[in-house]
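For the sequence shown, our numbering gives the first residue as -2, with consecutive numbering after it. Quick reminder that beta carbons are idealized off the backbone N, C-alpha and C, glycines included.
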Amino acid sequence: MTMKKVKQILRIAFIIASISSLFFVPWILVKAWILPLPETVQKQVDEAIGHGFDGMIVYVDQAGKPPAFYTGGWKDRQNKIPADPKSLFKIASISKLYTAVAATKLVKEKRLSFDKALTDYLPELRGRIENAEEITLRMMIQHRSGIPNFTDNPAFWENEQENGQNALDFALDLPASFKPNKGYEYSNTNYLLLRRIMDDVLGYSHNQYIKEKVLIPLELKNTFSSITEVDLDDVMSGYYVGYEEDFKAREYGMLATAEDVGIFLRALNDGSVFDEGEKEIYPYEYNHGGLVIGYQSLAEYHKDIDAVVVQFINTTDFNGYEWNLSEITINRIVKIIRKKN
């Protein structure tokens, strides 16, 4: 058989494999990806609602232009209240950015050290978390600790609201995912421990420290650490595919408006959130996403167009298709902004 014939066979096999793989990809994702790009962000938001999202808020802050807000769908599906750009939203893991900034400030104040071990701060975890003596705070912040993710434990989700009070129990006495600093695995346990360490060092809640050092200086008056601090009527409802329940009243940590998240993200990326000497030692990301039941969020800064884009969507599902769809949507929004630019 000639090499040319081999190449032809391989090419045909690749095409067949590619076509076959499409049968395992939800067509809604394919459709969302291949549709012609709308002319405006608002039309993209409307298109995304047509794909099945309940409600959506998009905030765009591009240098030289006033901030822009776009909405679609429902703030409250049952009561037919349209999406409101000023609604509070559960930002989930976007809060890790605020925690990382606060930890950086504590390091600059010499109250923490990124290079000290977990057991230097929480000695009681020796023998309960594998390699605790070798894991540093820097590794935890960067998800390079190997500590298992408590939200990956199926038992946690049997009653996550109650189990959340003792979430660490669902990560203790488990084998490490890898040796310290020898891999990467996103783990909420890292930040659970980091916040506990911050509380111990401060002698009061890290949330208060974040408020004093980050929220107040940036004048972020619509960012809160808990659902207990806000009026539920100000919160966007959250939905899970296949369920009628509104997950708005559940406790999932920080809430904020899209505008507040956008202001914070720009300050993080331009360095204005930091005092002298802090930006140089900041060890974490500059963009982030968040996902809890009923709420998914993406906050991105794009240097080439000097734009912050925050996207809130109040629909989630079990298989992750809604998350994939949200990523496709924000990528298309950024393309629209670039095209206009």
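- Message: If you reduce the DSSP assignment to three classes, tell me which class residue 151 lands in.
- Response: Three-state result, residue 151: helix.
- Item | Nonlocal neighbours in the same chain, by C-beta distance under 6 Å from residue 86, ignoring five residues either side | In its chain, beyond the 5 residues on either side, 233, 309 have a beta carbon closer than 6 Å to the beta carbon of residue 86.
- Would a C-beta distance cut-off of 9 Å place residue 126 and residue 174 closer than the cut-off? Cβ distance not < 9 Å, so residue 126 and residue 174 don't count as in contact.
- Query: Are the CB atoms of residue 191 and residue 134 nearer to each other than 9 Å?
  - Reply: Yes, they are a contact pair.
- Item | First through last residue of the alpha helix (DSSP H) which encompasses residue 92 | First-last of the alpha helix (DSSP H) with residue 92: 92 to 105.
- Item | Length at least 4, wholly inside the region 181 to 268: the alpha helix (DSSP H) runs in chain order | When DSSP assignments are scanned along the region 181 to 268, the uninterrupted stretches of alpha helix (DSSP H) that are 4 or more residues long and fall wholly within it turn out to be 185 to 199, 203 to 207, 255 to 267.
- Task: With DSSP collapsed to three states, give me the class of residue 87.
- Result: In the structure shown, the three-state DSSP call for residue 87 is strand.
- Message: Going by C-alpha to C-alpha distance, which of 74, 58, 75 sits closest to residue 67?
- Response: The shortest Cα separation from residue 67 among 74, 58, 75 belongs to 58.
- For residue 158, count neighbouring Cβ atoms within 10 angstroms of its own Cβ and tell me buried if that reaches 16, exposed if not. Answer is exposed; the Cβ neighbour count stays below 16.
- Item | Span of the beta strand (DSSP E) around residue 297 | Start and end: 292 to 299.
- Item | Minimum C-alpha distance to residue 184 - residue among 194, 165, 201, 200 | Closest option to residue 184, Cα to Cα, is 165.
- Leaving out the 5 sequence neighbours to the left and right, which residues in its chain are closer than 7 Å to residue 289 when beta-carbon positions are compared? Excluding residues within five positions, the ones whose Cβ falls inside 7 Å are 87, 89, 249.
- Best match in 186, 254, 76, 138 for proximity to residue 282 [C-alpha to C-alpha]: Of the candidates 186, 254, 76, 138, the one whose C-alpha sits nearest the C-alpha of residue 282 is 138.
- Message: So, at 6 Å on beta carbons, what are the nonlocal neighbours of residue 319 in its own chain, with the 5 sequence-adjacent residues on each side left out?
- Response: Excluding positions up to five away in sequence, the list reads 312, 313.
- Please report the residue range of the beta strand (DSSP E) in which residue 54 lies. Its beta strand (DSSP E) spans residues 52 to 59.
- Verify whether the separation of the beta carbon atoms of residue 177 and residue 136 is less than 9 Å. In contact: residue 177 and residue 136 (Cβ atoms closer than 9 Å).
- Message: In this structure, how does DSSP classify residue 64 when only helix, strand and coil are distinguished?
- Response: In the structure shown, residue 64 sits in coil (DSSP, three-state: anything other than H, G, I, E or B).
- Taking residue 147 as the reference, which of 116, 117, 111, 188 has the closest Cα? For residue 147, the closest C-alpha among the options 116, 117, 111, 188 is that of 188.
- Query: Given residue 118, which residues of its chain have a CB within under 6 Å of its CB, disregarding the five upstream and five downstream residues?
  - Reply: Counting only residues of its own chain and dropping the five nearest sequence neighbours on each side, residue 118 has a CB closer than 6 Å to the CB of 194.
- Task: Return the first residue and the last residue of the beta strand (DSSP E) that residue 304 is part of.
- Result: Its beta strand (DSSP E) spans residues 304 to 310.
- Message: Classify residue 162: buried if its beta carbon has 16 or more other beta carbons within 10 angstroms, exposed otherwise.
- Response: Residue 162 comes out exposed.
- Task: Take residue 231 and list the residues in its own chain whose beta-carbon comes closer than 7 Å to its own, dropping the five residues that flank it on each side.
- Result: Take residue 231, set aside five residues on each side of it, and the residues of its chain with a beta-carbon closer than 7 Å to its own are 84, 85, in chain order.
- Nonlocal neighbours in the same chain, by C-beta distance under 8 Å from residue 20, ignoring five residues either side: Caution is warranted here: a pLDDT of 48 is assigned to residue 20, below 50, making its placement in the model unreliable, and the coordinate value is therefore given only provisionally. Contacts found: none.
- Considering only residues of the same chain and omitting the five flanking positions on each side of residue 23, which have a CB-CB separation below 6 Å? Listed in chain order, the non-local C-beta contacts of residue 23 below 6 Å within the same chain comprise 318, local neighbours out to five positions each way being set aside.
- Query: In the DSSP assignment, what residue or residues form a beta bridge with residue 129?
  - Reply: Beta-bridge pairing links residue 129 to no other residue.
- Task: Taking only heavy atoms of the ligand GTP into account, decide whether any of them is closer than 8 Å to the Cβ of residue 80.
- Result: In the structure on display, the ligand GTP does not appear, and there are no ligands present to speak of.
- Query: How would you write the range of the beta strand (DSSP E) that residue 287 sits in, first residue to last?
  - Reply: First-last of the beta strand (DSSP E) with residue 287: 285 to 289.
- Burial state of residue 76, where buried means 16 or more other Cβ atoms lie within 10 Å: Exposed: under 16 other Cβ atoms inside 10 Å.
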